[in-house]
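Just so we're aligned, residue 173 is where the sequence shown starts under the working numbering, counting upward by one.
Note that CB positions come from ideal geometry on N, CA and C, so glycine has one too.
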Amino acid sequence: MKVSDEILNLVPYRPGKPIEETQREYGLSKVFKLASNENPLGPSPKAIEAMTRAISGVHRYPDASCYELKQALCQKYGITEDRLTFGNGSNELIDLLIRIFGEPGDTMVTSEGAFIAYQICAQAARVKMEKLPLSNHLGFQIPAFIERIKDPSQPTPKVVFLANPNNPTGSYINEKDLVGILEVTQGSEETLIVLDEAYNEFVRAKDYPDSIELQKKYPHLVVLRTLSKVYGLAGVRIGWMLAEPEIIDLVNRVRNPFNVNSLAQVAAIAALEDDVFLQKAQTVNWEGLDYFYRELDRLGLDYWPSEGNFVLFDTGQDSLEVYECLLKQGVIVRPVKGYGLLTHLRLSVGLPEENKEAIAALEKWVNR
Ligand SMILES: *Cc1c(COP(=O)(O)O)cnc(C)c1O
């Protein structure tokens with residue numbers, strides 16, 4: 173069978189190392205996983221309750237339109253039904269957008285160091301994902317994006333992918349920069365701007381844009397959100413998209429009809445209503461991040477302030493050796509070599525005791 177080079181050259185996504193595997197390989201009883209930006213509190217108790225109640229109904233196909241969930245989101249965010257659709261995680265929505273708007277040979281644009289799913293999905297669709305250089309602060313360089321988009325000698329990007337905040341760098345794009353890029357692409361009818369806001373609820377920066385408001389003004393803006401991070405539902409897979417009705421209609425044609433399972437739908441509704449859980453998750457995260465900053469300062473390690481639920485730091489050497497040293501001590505973090513960040517590691521915020529373990533293990537490495 174003949175398979176294209178793009179497919180043959182794909183490198184499978186490397187998820188964080190599982191806890192059980194680490195226990196087996198290193199003969200450890202206690203292992204802390206701070207590698208996948210998961211919610212350390214678990215899911216909202218209300219979501220657990222809703223899934224427990226719904227489980228006896230799983231012989232039925234799920235609601236293909238996610239009607240109840242759609243209503244809940246419309247109420248919560250003041251949006252209309254025709255601007256929403258759902259995915260099996262926002263990862264699926266990224267894949268669908270690339271398949272819908274990209275034909276083989278087309279070009280899309282993102283940054284180096286951007287969430288790796290953009291590259292993987294594009295390559296699978298034989299679409300070129302062009303990556304603009306990161307700034308010195310490991311942020312997206314919006315002026316470079318604008319220059320690239322305006323350059324008539326280069327192919328017009330079909331889609332521009334902006335992760336805000338970005339994973340794994342933790343950097344964010346402020347309102348002024350985002351509006352700048354929306355203005356230069358406004359009305360071109362050739363370029364969509366996809367804003368991936370997986371970590372939206374963790375952002376503390378005051379000049380972070382209100383994408384739901386901006387979408388009303390800029391019809392070429394597509395916003396992606398997920399229940400995987402602050403809402404603690406990564407395992408049931410659900411994300412949502414806010415976009416113009418014409419775009420929603422296209423996605424609904426291409427997606428599998430039952431892409432979002434029935435447990436995910438009820439869990440999402442319950443989680444979205446649980447403000448107490450949301451606030452707790454935010455507090456745990458912000459206190460954890462501030463703790464990491466203080467401790468990384470104390471250990472003399474460079475890091476990048478993060479608007480997500482993780483921090484990227486520089487080990488100053490081949491990151492895999494440090495990764496191994498931490499694994500042996502029962503702490504799983506995330507190497508990010510696939511992003512071209514060869515000396516860096518990404519550390520997710522856990523519960524206070526998990527954060528302490530991670531820092532203690534790092535301190536052992538520093539004092540080796
Ligand atoms: C985790 C993450 C996602 C999405 O995850 P799903 O679980 O597929 O919803 C999307 N974008 C970024 C930048 C992420 O880090």
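| query | result |
| --- | --- |
| Would you call the region 481-501 in contact with the region 252-260, where contact means no fewer than 3 C-beta pairs closer than 8 Å? | no |
| Using DSSP bridges, identify the partner residues of T398. | G411 |
| Quick check for students: name the residue ranges of the beta strand (DSSP E) that lie wholly in the region 192-273, counting only runs of 3 or more. | 256-259 |
| Assign K509 to one of three DSSP states: helix, strand, or coil. | helix |
| Give me whichever residues DSSP pairs with F430 in a beta bridge. | According to DSSP, which records beta bridges pairwise, F430 is partnered with nothing at all. |
| How would you label L180, buried or exposed, when you count the other beta carbons within 10 angstroms and need 16 or more for buried? | exposed |
| Check each candidate in G407, E496, L523 and name the one with the smallest Cα separation from W458. | L523 |
| Helix, strand or coil for T455 per DSSP? | helix |
| Using the C-alpha atoms, what's the distance from K300 back to D137? | The shown model of the chain, from 173 to 540, leaves out residue 137, and the question about it has no answer. |
| Which class does T357 belong to by DSSP, given the choice of helix, strand or coil? | helix |
| Going by the CB atoms, is the gap between V505 and L519 shorter than 7 Å? | yes |
| For ligand 1, is there a heavy atom less than 6 Å away from the beta-carbon of A296? | no |
| Contact defined as beta carbons within less than 8 Å: I believe I420 pairs with V331. What is the distance between those atoms, to the nearest angstrom? | Incorrect: roughly 16 Å between the Cβ atoms, too far for contact. |
| Spatial neighbours of D382 within its chain, please: CB distance less than 7 Å, with the 5 preceding and 5 following residues excluded, ordered by chain position. | none |
| Assign F430 to buried or exposed, taking buried as 16 or more other Cβ atoms, counted over all protein chains shown, within 10 Å of its Cβ. | exposed |
| Does the separation of the CB atoms of F485 and L468 fall below 7 Å? | yes |
| Is F204 near T282, with beta carbons less than 7 Å apart? | no |
| Can you list, in chain order, the residues of its chain whose CB lies under 6 Å from that of I531, leaving out five sequence neighbours each side? | E467 |
| Rounded C-beta distance between A443 and Y390? I'm assuming under 8 Å. | At roughly 28 Å, the Cβ-Cβ gap does not stay under 8 Å, so A443 and Y390 are not in contact. |
| Taking the alpha-carbon of E385 as reference, which of K218, T252, E193, E535 has the nearest alpha-carbon? | T252 |
| Roughly how many angstroms separate the alpha carbons of E529 and V503, rounded to a whole number? | 7 Å |
| Taking 7 Å as the threshold (C-beta atoms), are L393 and Q387 in contact? | yes |
| S400: beta carbon under 6 Å from a heavy atom of ligand 1? | yes |
| What first and last residue would you give for the alpha helix (DSSP H) that runs through D177? | 177-180 |
| In the DSSP output, what is D368 paired with across the bridge? | A335, L396 |
| Taking DSSP's pairing of strands, which residues face S491 in a bridge? | None, per the DSSP bridge assignment. |
| Does the beta-carbon of A219, which I'm using as the reference point, lie nearer than 6 Å to any heavy atom of ligand 1? | no |
| Is it true that the CB of E369 sits closer than 7 Å to the CB of N336? | yes |
| Measure the CB-CB distance between L268 and V494 and report whether it falls below 7 Å. | no |
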